[in-house]
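Here is the structure we will look at.
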Amino acid sequence: MTTAVDPSPHRDAAPRIPLGLLATLALLSAVAPFSTDLYLPAFPQMAADLCTSPTNVQLTLTACLLGLAIGPLAFGPLSDRIGRLRPLLAGAAICVLASLAAALAPSIQVLIAARFAQGFAGAAGMVIGRAIIADLATGRAAARAFSLLMLVGGLAPVAAPLAGGFIVEPLGWRGALAVVLGLSVAMLVAVLVVVRESHTAQRRAQLHQQKAVAGSPLRDLTGRAFVGQLIAFGFSFAMMMAYISASPFIYQNMMGLSSAQYGAAFGINALGLLLSSGLSARLSARHEPRRIAAVGLAIILGASGTVLALTVARVPAGWLAVSLLAAACGMGLVYGNTTALAQAAAPRASGAASAALGTAQFLLAAAASPLVGLGGAHTATPLGIVMLCAASIACAGFVAAGRPSASRQPSAPPALPRAEGRYGERRCETSELCSMGVVGGLNPAGVLS
């Protein structure tokens, strides 16, 4: 006698991405951007204390960003080869040592080198954190987790300069860098206590065996699905960084706002980004990541075109604020979902895929940011052009990627081995999202609490 199989067991058997792990991954994604911006208010003080020029002080930020761009290329592929945990621990440990060296730096040269090492090592947390989620979740579940990481990661660069202003005044620039050291130590402890290997030796061996059947994982990374989502992710982020770079000139020089008023205006846009990221996580329970990302890209494309149209028409600068807020809100719908779609397009090389996303993210942002100042401090026309071009390229890449199922059918590999161990014996599949516990019903407050 054959017993009918109840299709509902997945409701009870589906593993959960533990809340502690998700919070730890959020910390890993936030430490690097937070440490990048925390000490910005101390730049004049640093130039005086270290007897150097403002240009050399600026190089400490450039060095950190360069490290963040290069680091993923080292840690991502390495984590595919030897597992996630060891490279993550190495990155966290190096970050602690680099943070200590930065806080105690006797010269600007030492500080520049330490800041590069901070960025390089801090990239491990960002890139491997994304790869761990790709190991444990797919589809809507992954999109929700990535959206929640965006919520926390988006808060860090906004809160950092504000927090830095309060820290630098009583503690100085070394005090600000000491706070970064404390965060690095917290990151290392969290990795030691919470994170377990999600890319086990058995899983790596099975993936290696698949090469004979499905070809090299490089095929995933060069396929239309991954490259298209990489373009959508990278250029949409570049659009947002272009706005962030131009925001002081728009709000202060063109709108006549004070520094405090600029902070409030920027905070409103940041709040829009955070709320839309939380909304994206909620929507992931009922809608496919591609649909949510498409809506977000349409919003940023329309907002970017409006910014350019308003500047060409020479309307009062205050109207730009509405379009910029819309662009920020649209970005919250794009980031997590394009990340999930890109990672899903390269399931056999999650670490390398995450590395490519991280490198594209910072290199394109670094290239776009200086362009917005070409017209001077009293025009937003270059910003409108950069935003519209970046948003258009992002949309083109997204359309070129096509639907995940259609784009991957020709070279789809055999079923992937499941992540095993403490995080469960099965990955969280798309069809299981609605029955998931923590990821299926987690709200942003739950992650941040």
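Under the working numbering, the first residue of the sequence shown carries the number 804, and numbering increases by one thereafter. For glycine and all other residues, C-beta sits at the position ideal for the given N, C-alpha and C.
Here residue 1183 carries a coil assignment [DSSP, helix/strand/coil].
Of the other Cβ atoms in all chains shown, fewer than 16 fall within 10 Å of the Cβ of residue 1115; this residue is therefore exposed. Straight across, the Cα-Cα distance linking residue 980 with residue 831 is about 17 angstroms. Judged by beta-carbon spacing, residue 1147 lies within the 8 angstroms limit of residue 942, meaning their Cβ atoms are closer than that value. Around the beta carbon of residue 1003, 16 or more other beta carbons lie within 10 angstroms, which makes this residue buried. Annotated as proximal: residue 1190 and residue 1130, with beta-carbon spacing under 8 angstroms. In the DSSP annotation of this structure, the continuous segment of the alpha helix (DSSP H) that includes residue 861 starts and ends at 857-885. Here residue 1149 carries a coil assignment [DSSP, helix/strand/coil]. A direct Cα-Cα distance of roughly 21 angstroms separates residue 1119 from residue 1070. The Cβ atoms of residue 963 and residue 1167 lie no closer than 8 angstroms to each other.
Rounded to the nearest angstrom, the Cβ distance from residue 896 to residue 991 is 6 angstroms, consistent with a contact under 8 angstroms.
In the DSSP annotation of this structure, the continuous segment of the alpha helix (DSSP H) that includes residue 1051 starts and ends at 1027-1051.
Between residue 1193 and residue 1169, the CB-CB gap reaches or exceeds 8 angstroms. Bounds of the alpha helix (DSSP H) holding residue 848 are 846-852. Bounds of any alpha helix (DSSP H) do not take in residue 841, whose DSSP letter is neither H nor E. Residue state for residue 1195 is assigned as helix, using DSSP reduced to three classes.
The stretch 918-925 and the stretch 1042-1061 do not touch, with fewer than 3 CB-CB distances between them shorter than 8 angstroms. The beta carbon of residue 1132 is closer than 8 angstroms to those of 1075, 1076, 1078, 1079 and 1102 in its chain, skipping five residues each way along the sequence.
Taking the CA atoms as reference points, residue 1164 sits about 15 angstroms from residue 925. With respect to the 8 angstroms criterion, residue 949 and residue 1142 are classified as neighbours on the basis of their beta carbons. Less than 8 angstroms divides the Cβ of residue 986 from the Cβ of residue 838. Annotation for residue 1105: the continuous alpha helix (DSSP H) segment containing it runs 1092-1115. Contact check for residue 883 and residue 1161: beta-carbon distance about 14 angstroms, past the 8 angstroms limit, so the pair fails to qualify. In the displayed model, residue 1168 falls within a helix according to three-state DSSP. Just measuring C-alpha positions, the residue of 1001, 1136, 1112 and 1067 sitting nearest residue 1090 is 1136. The beta carbon of residue 1112 sits closer than 6 angstroms to none of the beta carbons in its chain outside the five residues before and after it. The distance from the Cβ of residue 1024 to that of residue 1156 is about 6 angstroms, consistent with a contact at the 8 angstroms cut-off. Between residue 898 and residue 881, the alpha-carbon positions lie close to 17 angstroms from each other. The shortest C-alpha to C-alpha distance from residue 1198 to any of 1108, 862, 1046 and 889 is the one to 1108. Residue 1190 sits in a helix when the DSSP states are folded into three classes. Per DSSP, the continuous alpha helix (DSSP H) segment holding residue 894 begins and ends at 888-906. When the beta-carbon positions are compared, residue 1175 and residue 1045 come within less than 8 angstroms of each other. Counting the other Cβ atoms within 10 Å of the Cβ of residue 858 gives fewer than 16, which makes it exposed. DSSP, reduced to helix, strand and coil, places residue 1160 within a helical segment of the structure shown.
Of the candidates 834, 1104, 825 and 840, 840 places its Cα closest to the Cα of residue 1048.
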